[in-house]
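To start, the structure itself, in structure tokens.
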Amino acid sequence: MSPSENLPRFMILIYEREAPESALAAPPTVLEAHLRLPGRIAETGAQIISGNAMGPPEHAVSIRDNTPSSGSMSGSMLAGYFLVEASDMDHAVWIGRMIPVIDGWVEVRPVLMS
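Read in order, the letters of the sequence shown are residues 8 to 121 in my numbering.
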């Protein structure tokens, strides 16, 4: 299935309290679950448009009031994301529940399309 302009898009953000030094350092069960994820999502009629693990927060730069500062500003970190096409928010939340996390949570947000 190719990306469709007819289906709404959702950003699924993965937050972790702490994350492994690299995506490959995650527990084997989490890695295996992520490898199976595209097929499981496709079975629901949705599609992953893109997705990646994020670098460590110590390499991040936060900009507040136009002033850059090092690192993340919270007790959690953005560990990764998926951009998906799904039929609606309920469908996207269903997909979000499939995403494995180590010690964190997933946030699902609609993407505003022009």
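Backbone N, C-alpha and C define an ideal beta-carbon position, used for all residues, glycine too.
Looking only at its own chain, which residues have a Cβ that is under 8 Å from the Cβ of residue i, when we skip the five neighbours before and after it?
i	result
residue 118	15, 16, 17, 18 and 90
residue 94	14, 15, 52 and 53
With C-beta atoms as the reference, is residue i less than 9 Å away from residue j?
i	j	result
residue 107	residue 53	no
residue 111	residue 43	no
residue 105	residue 47	yes
CB-CB under 7 Å to residue i, same chain, minus the five flanking residues each way: which ones, in chain order?
i	result
residue 61	85, 86 and 87
residue 103	19, 113 and 115
Opposite residue i in the DSSP bridges: which residues?
i	result
residue 74	71
residue 117	17
For residue i, does the three-state DSSP call read helix, strand or coil?
i	result
residue 93	coil
residue 61	coil
residue 86	strand
residue 55	strand
residue 25	coil
Measure the C-alpha to C-alpha separation of residue i and residue j and round it to an integer number of angstroms.
i	j	result
residue 55	residue 49	8 Å
residue 31	residue 68	24 Å
residue 8	residue 92	The predicted position of residue 8 is uncertain, since its pLDDT is 44 and thus under 50; no value can be drawn from it.
residue 59	residue 33	14 Å
residue 101	residue 71	33 Å
residue 73	residue 64	19 Å
Once you ignore the five residues that flank residue i on each side, which residues in its own chain have a CB closer than 6 Å to its CB?
i	result
residue 83	22 and 24
residue 57	90
residue 99	17, 93 and 115
residue 45	55
Is any heavy atom of the ligand MG found at a distance shorter than 8 Å from the C-beta of residue i?
i	result
residue 65	The model depicted lacks the ligand MG and carries no ligand whatsoever.
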